[in-house]
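K.L.:
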Amino acid sequence: MKSDVVIIGGGISGLSLAFYCAGAGLKTTLLEKNDSVGGSFNSHQFSENGLKFWLEMGAHTCYNSYQNLLDIVEACNISDTIIPREKVPFSLLIDNKVTSLMSALNIFEVLKSIPAIFSLKKDGLSVREYYSKIVGQENYNKVLSHFFSAVPSQPTDDFPADMMFKSRPKRKEVLKNYTFTNGLQSVARAIAKRRGINVFTSQDVTGVEMLDGRYVITTAGGGSYSAATLALATPSAVSSHLLQSIDPAIAGHLGKLKAASVDSVGVIIRKGDLSVKPVAALISPNDIFYSAVSRDVVPDEHFRGFAFHFKPGLSEEKKMKRITEALGVSTAKIAHTCQVTNVVPSLRVGHKEWLESMDRMLSGKNILLTGNYFGGMAIEDCVSRSRSESERMKNM
Ligand SMILES: Cc1cc2nc3c(=O)[nH]c(=O)nc-3n(C[C@H](O)[C@H](O)[C@H](O)COP(=O)(O)OP(=O)(O)OC[C@H]3O[C@@H](n4cnc5c(N)ncnc54)[C@H](O)[C@@H]3O)c2cc1C
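For the sequence shown, the tail end lands on 524 under my numbering, and the numbers increase by one without skipping.
#1: Figure out for me which residue from PHE246, ASP286, GLY478, ALA356 has the closest Cα to the Cα of GLY130.
#2: Do GLN195 and ligand 1 come close, with the Cβ less than 7 Å from some heavy atom?
#3: Tell me whether THR156 counts as near ligand 1, meaning its Cβ is closer than 7 Å to at least one heavy atom of that ligand.
#4: When the cut-off is 8 Å and only beta carbons count, does ASN470 lie next to chain B?
#5: Indicate, with yes or no, if ligand 1 has a heavy atom lying under 7 Å from the CB of THR307.
#6: So VAL333 packs on LEU159, CB below 8 Å; how close in whole Å?
#7: Quick check: what's the CA-CA separation for LYS240 versus ARG323?
#8: For the structure I just gave you, are there three or more beta carbon pairs, one from the region 400 to 409 and one from the region 211 to 226, closer than 8 Å?
#9: Are the region 479 to 498 and the region 174 to 181 in contact at 8 Å, needing three or more beta carbon pairs?
#10: Are GLY127 and GLN313 closer than 8 Å when you measure CB to CB?
#11: Near ALA320, which residues of its chain fall below 6 Å by C-beta distance, leaving aside the five closest residues on each side in sequence?
#12: Would you mind giving the Cβ-Cβ distance between VAL121 and ILE451, rounded to the nearest angstrom? I have them listed as a contact below 8 Å.
#13: Do ARG256 and ASP285 count as a contact pair if the criterion is CB distance below 8 Å?
#14: Within the region 164 to 226, note down every full beta strand (DSSP E) run reaching 3 residues or more, in order along the chain.
#15: Closer than 7 Å to a non-hydrogen atom of ligand 1 - does that hold for the CB of THR284?
#16: If you follow the alpha helix (DSSP H) that ALA150 is in, where does it begin and where does it stop?
#17: Across the region 228 to 235 and the region 433 to 452, are there enough close Cβ pairs to call them in contact, namely three or more that are closer than 8 Å?
#18: Nearest CA to the CA of MET521: which residue from PHE275, LEU490, GLY433, LYS225?
#19: State whether the region 497 to 515 contacts the region 184 to 198, with contact taken as three or more CB pairs (one from each stretch) at a distance under 8 Å.
#20: Quick test of your reading: LEU220 and THR227, contact by CB under 8 Å. State the CB separation rounded to the nearest angstrom.
#21: In this structure, does DSSP put LEU385 in helix, strand or coil?
#22: Where in the region 312 to 349 do unbroken runs of the alpha helix (DSSP H), each at least 4 residues long, occur, reported from the N-terminal end onward?
#23: For PRO288, which residues does DSSP report across the bridge?
#24: With 16 as the cutoff for other CB atoms within 10 Å, does ILE242 come out buried or exposed?
#25: Just list the residues that DSSP pairs ILE462 with in beta bridges.
#26: So does the region 139 to 153 actually touch the region 361 to 379, counting three or more Cβ pairs closer than 8 Å?
#27: What's the C-alpha gap between GLY456 and LEU402?
#28: With distance defined between alpha-carbon atoms, name the residue in SER512, SER518, ASN523 nearest to ARG296.
#29: What span of residues does the beta strand (DSSP E) with SER514 cover, start to end?
#30: Between which two residues does the alpha helix (DSSP H) holding VAL134 run?
#31: Could you check which residue in ASN470, MET524, GLY478, ARG476 has the C-alpha nearest to that of LEU496?
#32: Would you say the beta carbon of PHE521 is closer than 7 Å to some non-hydrogen atom of ligand 1?
#33: Taking 7 Å as the cut-off, does the CB of PHE417 come closer than this to any heavy atom belonging to ligand 1?
#34: Please report how far the alpha carbon of TYR343 lies from the alpha carbon of ILE222, in whole angstroms.
#35: Taking the alpha carbon of ALA244 as the point to measure from, which residue in LYS225, GLN265, MET230, LEU229 has its own alpha carbon closest?
#36: Using a threshold of 7 Å, is the CB atom of PHE169 nearer than that to any non-hydrogen atom of ligand 1?
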């Protein structure tokens, strides 16, 4: 099949790039390995006796500072499905008991650190270097480091401080933080249905080569697609592998990045079977899971759900045992389970220099690269990167 651009990877990076390419009038093909689009932007759907429920297995919150995402949501005519998130707390789980994050902080240490809030700059500092000065070393070690590690589901001590939480201009008329009536995946589905975008799922891309000036993309199932422009929206290691024969220098530069796998297990429980108070997420310091993100932010009449984000390499039994202990329920009370593995980048101080070199290498080439390992891993970072890559292509 012939297209102007073939995009490999159907997470929010690939989908938003498809949105921009199709908007520019290009015949756009998107290839996704899984049987549905969304990647880490994927809400699991469950139904029982006609009752429907969804659970976020990856991303869960959007903000009014996600301006590029909001523009896409508006263009897809789904702004009316934006809904608020219930104000329930992010809590700590200590000895299987839920306690508040604030009660675990040493307030005197926070007060002592106040001058640093005004004088310290994030630039060039790691998360540990910056935040241990902002809240105090003990508070950082005991509380905040676990809270931060829960964000990308991996230790974040060495992450660049300026890439963890970014301040962006906000759309004041939009809810500060929100989700969508049917979960975040409704955005993925709406983009995939746009005119000019051909989406093919269950397409595990295994090879890319250049033939007669066009990119030829082949899949594990024997599919073949060709395009004038190639776009990669897969984790950095996959993109590096696929580019090896086309552009070894870019492949090598991508290969320098590290990433972590997150094994997520979702559990759905009938409401009456669970006594844990409503929470946005549970964070359990030094545990085998980084966080258990709850659906309590969009309460349901019949079910509650939690996505446990585990360290990689644990057995199914060990994960399920920990889930039942943490929630205080027996396995028999779990109505439904689901599993996914997502890949998240392990960013390091110096990433900006890596990015500048990457962009110099891409200059003038009809290869587009997007993903969650450029300006940051938030949804808006992915969409902004896709937008700037689509603009680079228009100017080529
Ligand atoms: C647990 C968790 C919670 C998060 N919470 C938030 C949040 O609340 N708010 C926020 O802003 N961000 C959040 N994030 C970050 C954000 O969700 C991700 O960074 C973003 O969704 C990544 O999108 P992506 O398209 O770059 O990558 P992915 O979503 O990983 O998509 C890459 C796609 O490429 C496909 N693929 C891989 N190899 C191939 C191949 N060979 N052929 C074809 N397809 C292939 C994959 O199947 C996948 O669908 C969270 C992330 C995680 C993991």
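Built from N, CA and C at the ideal position, the CB exists for glycine as well. Values in this document were obtained by computation on a predicted structure and should not be read as measured data.
P.N.:
Looking at the coordinates:
#1: Note that residue 130 corresponds to Lys in the displayed sequence, not to Gly. The shortest C-alpha separation from LYS130 is found at ALA356.
#2: no
#3: no
#4: Absent here is chain B; the protein component of the structure consists of one chain.
#5: no
#6: 6 Å
#7: 57 Å
#8: yes
#9: no
#10: Because the chain spans 129 through 524 in this model, residue 127 falls outside it and cannot be assessed.
#11: VAL165, VAL327
#12: Coverage of the chain is limited to positions 129 through 524, which leaves residue 121 absent and any answer about it impossible.
#13: yes
#14: 171 to 176, 179 to 184, 210 to 212, 218 to 222
#15: no
#16: 140 to 151
#17: no
#18: LEU490
#19: yes
#20: 5 Å
#21: coil
#22: 313 to 320
#23: SER254
#24: exposed
#25: ILE397
#26: yes
#27: 8 Å
#28: SER512
#29: From DSSP, SER514 is part of no beta strand (DSSP E) but of the alpha helix (DSSP H) over 507 to 522.
#30: Premise fails: VAL134 lies in the beta strand (DSSP E), 130 to 136, not in any alpha helix (DSSP H).
#31: MET524
#32: Residue 521 is actually Met in this sequence, not Phe. False, no ligand heavy atom lies under 7 Å from that Cβ.
#33: no
#34: 53 Å
#35: GLN265
#36: yes
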